[in-house]
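Enquirer: For the sequence shown, the numbering used here begins at 26 and goes up steadily by one.
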Amino acid sequence: MAQLKDTMQPASEWFKAAADASLDGLFIVKGVRDQAGQLIDFECVDINGHALYPLRMTREKVIGQKLRGLLPIHREGFFDK
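Here it is, written out as structure tokens:
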């Protein structure tokens, strides 16, 4: 288990560095489900600078927020498919 953790740490750091250097806006999100197990939203786990720019918010304010609140224009019909 310790060996796996030692392997994952550099990979996580490399991914973070690549995401921060990317010219594209990147969100890392996790699904939010209701009591019935239906997917109802996504919560922002991490975000790079290029995705922050149009939101005009800090990383600290965005992490933990639900995407429906961050991107209200996409709220209607988002989960209808």
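C-beta: ideal position from N, C-alpha, C; glycine also.
The structure displayed is predicted, hence computed values, not measured ones.
(1) Apart from the five residues just before and just after Asp49, which ones in its own chain have a Cβ nearer than 7 Å to its Cβ?
(2) Rounded to the nearest angstrom, what separates Asp59 and Lys41 at their Cα positions?
(3) Kindly list the residues whose CB is nearer than 6 Å to the CB of Met82, restricted to its own chain and excluding five residues on each side of it in sequence; keep chain order.
(4) In whole angstroms, what separates the C-alpha of Glu85 from that of Ile72?
(5) What's the gap between the Cα of Gly94 and the Cα of Cys69?
(6) Out of curiosity, what's the CA-to-CA distance linking Ser37 and Ala43?
Expert: Result, derived from the coordinates:
(1) His75
(2) 30 Å
(3) none
(4) 10 Å
(5) 11 Å
(6) 10 Å
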